[in-house]
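Numbering (our numbering), first residue to last: 469 to 737. In this text, a Cβ means the ideal position worked out from N, Cα and C, and glycines have one as well. As the structure is a prediction and not an experimental result, all values here were calculated from the model. Written below as structure tokens is the structure these notes are about.
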Ligand SMILES: [Mg+2]
């Protein structure tokens, strides 16, 4: 897959378009992976460049699997649009809002977590209740492969969990309502709401592939020139690189790319 630093000219060309947006995932993209989600922090350099980009671009947004308010606190940049729960929740100034239809899933998620509680007896497993979705983390398990098998078996045996969409991410399994809202639909909404004519999406995990596809759909259907950028790591799902236009090597490279983007936006202005 082409490395983006060898193809900056095409990004520059898209950046010349009148309204260019940057949409990014959070964990594993602008924040290094940590042993637990609570320990993860947005890289200070990413925060610095994102903050500058908010003044330079038509839109700077994050779409995370975390609850919207949690992502917003973690990023801590007021001007940035924050979407959480894989596209199901949006944080505005004062409160967060769920997309319609997903409120019905509050009870299902709660019941599913209840049914999966026996998993917590395995050392290293934790379950994050994010109201409309849940994430089962197993990064701290001594044998992650067998933990993953046990979790998938428990989901299969849980009447509430097995009706949900299961997505296997980096050392975590997400349970998501089977509705047609995801990082991809959220990306398309942002492109249309902000009349973007150019943009990039940065992500490192399976749920980001929906957003990569949305970027390609927008290029095809709208007056939009954009690129899907896969942040690669040893844990990266192979599919991610297949669907990306360009790659970056980890969060350090994302810092360098954001710096370049910000400097180039100033130059072109
Ligand atoms: Mg991620």
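Same chain, Cβ closer than 6 Å to residue i, neighbours up to 5 away in sequence not counted
i           : result
residue 559 : 536, 537, 540, 550
residue 622 : 584, 587
residue 789 : No answer is possible for residue 789: the residues shown for the chain start at 469 and end at 737.
residue 598 : 535, 553
residue 713 : 695, 696
residue 640 : 603, 605
CA nearest to the CA of residue i, picked from the options
i           : options            : result
residue 581 : 642, 556, 474      : 642
residue 608 : 569, 588, 656, 525 : 588
residue 543 : 528, 554, 557      : 528
residue 578 : 569, 566, 596, 567 : 596
residue 479 : 692, 593, 616      : 692
residue 661 : 471, 481, 473, 489 : 489
residue 545 : 504, 521, 574, 720 : 521
residue 634 : 663, 515, 604      : 604
residue 636 : 502, 654, 724, 676 : 676
residue 486 : 632, 524, 471      : 524
residue 616 : 590, 507, 626, 548 : 590
residue 571 : 728, 647, 631      : 647
residue 654 : 688, 473, 491      : 491
Residue i beta carbon near ligand 1 (any heavy atom closer than 7 Å)
i           : result
residue 718 : no
residue 666 : no
residue 497 : yes
residue 672 : yes
residue 493 : yes
Distance CB(residue i)-CB(residue j) smaller than 8 Å
i           : j           : result
residue 697 : residue 716 : yes
residue 703 : residue 638 : yes
residue 498 : residue 668 : no
residue 656 : residue 629 : no
residue 678 : residue 651 : yes
residue 526 : residue 664 : yes
residue 670 : residue 517 : no
residue 720 : residue 701 : no
residue 508 : residue 495 : yes
Enclosing beta strand (DSSP E) for residue i [first to last residue]
i           : result
residue 642 : 640-644
residue 517 : Careful: residue 517 lies outside any beta strand (DSSP E), inside the alpha helix (DSSP H) at 512-524.
residue 604 : 602-605
residue 696 : 693-700
residue 557 : 557-559
residue 596 : 594-597
residue 549 : 549-552
Run of the alpha helix (DSSP H) containing residue i, from where it starts to where it stops
i           : result
residue 575 : 574-584
residue 677 : 676-689
residue 649 : From DSSP, residue 649 is part of no alpha helix (DSSP H); its letter is neither H nor E.
residue 729 : 718-736
residue 617 : 612-625
residue 529 : That residue, residue 529, is in no alpha helix (DSSP H); its beta strand (DSSP E) goes 527-531.
Heavy atom of ligand 3 within 7 Å of residue i beta-carbon
i           : result
residue 569 : Questions concerning ligand 3 fall outside what the structure shown contains, since the ligands it does hold are ligand 1.
Cβ shell of residue i (< 7 Å), same chain only, five flanking positions each side left out
i           : result
residue 483 : 666, 732, 733, 736
residue 567 : 556, 649
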